[in-house]
Each structure stands twice: as structure tokens, then as C-alpha cells.
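Asks: Okay, here's the structure, questions in a sec.
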Amino acid sequence: MPNQKHLFYSLAEAKAKFSKVIEDSIRNDVIITKNGHPTSVILNYEKYLKIINFIDKVWDLYLLEIGDPSLFGKLNINDLFEDINED
Numbered sequence: 000m001p002n003q004k005h006l007f008y009s010l011a012e013a014k015a016k017f018s019k020v021i022e023d024s025i026r027n028d029v030i031i032t033k034n035g036h037p038t039s040v041i042l043n044y045e046k047y048l049k050i051i052n053f054i055d056k057v058w059d060l061y062l063l064e065i066g067d068p069s070l071f072g073k074l075n076i077n078d079l080f081e082d083i084n085e086d
């Protein structure tokens with residue numbers, strides 16, 4: 000994605016201009032900051048689907064080629080997307 004760029008919005012600015020943020024996310028990754036620190040990313044749905052599909056394929060290849068699921072106990076691909084505890 001050579002033409003892709005990252006746009007930054009503060010949380011307050013993103014709230015005030017939410018329609019513009021969504022429109023910008025069609026062509027660019029939008030990073031939302033809180034107190035000056037990146038906290039969230041808004042990306043277009045097609046890109047999201049490609050990322051999820053890629054992760055699924057990598058997981059499947061890992062299990063088929065070299066993976067030993069017993070090493071991870073009950074680890075599930077969905078565990079990768081659990082909420083991160085906030086400070």
C-alpha cells in the first residue's frame with residue numbers, strides 16, 4: 000500500500016469530526032490519540048477483512064506445517080483479539 004498514509008486525530012477532534020474521520024479512513028489509516036498517545040486505529044472494512052483473513056491463513060499454515068497446538072494448551076486464534084486491560 001504505497002500510497003497509504005496515517006492520519007492522526009486527537010480524541011476530541013475525532014469526536015467533533017467523526018464523519019470526516021470515517022471518510023478519511025476509506026483511503027488512510029486513522030490513528031486516534033488520547034493525551035498525545037496512540038490508542039486506537041480506524042481502518043476501512045475491506046482492509047480489516049484482509050488482515051483477519053491473513054491472520055487466519057497464517058494460523059492455519061502454522062498448525063499444518065510446524066505447529067504443535069499442545070504447546071499452547073487451549074490457545075485459540077480468537078485469544079489474540081481479547082481486550083487489552085487499561086491502565
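Each residue of the sequence shown is one higher than the one before, counting from 0 in numbering that gives the first Met the number 0.
Idealized CB from N, CA, C, for every residue including glycine.
(1) One question on the structure: do His5 and Ile41 come within less than 8 Å of each other, judged by their Cβ atoms?
(2) How should Tyr44 be labelled, buried or exposed, when 16 other C-beta atoms within 10 angstroms of its C-beta is the threshold for buried?
(3) By the 10 Å Cβ neighbour count, where 16 or more other Cβ atoms means buried, how is Phe7 classified, buried or exposed?
(4) So, under 8 Å CB-CB, Ser9 and Thr38 are touching, yes? Tell me the CB distance rounded to an integer number of Å.
Replies: So, from the data block:
(1) no
(2) exposed
(3) exposed
(4) Wrong, their Cβ atoms sit about 10 Å apart, outside the cutoff.
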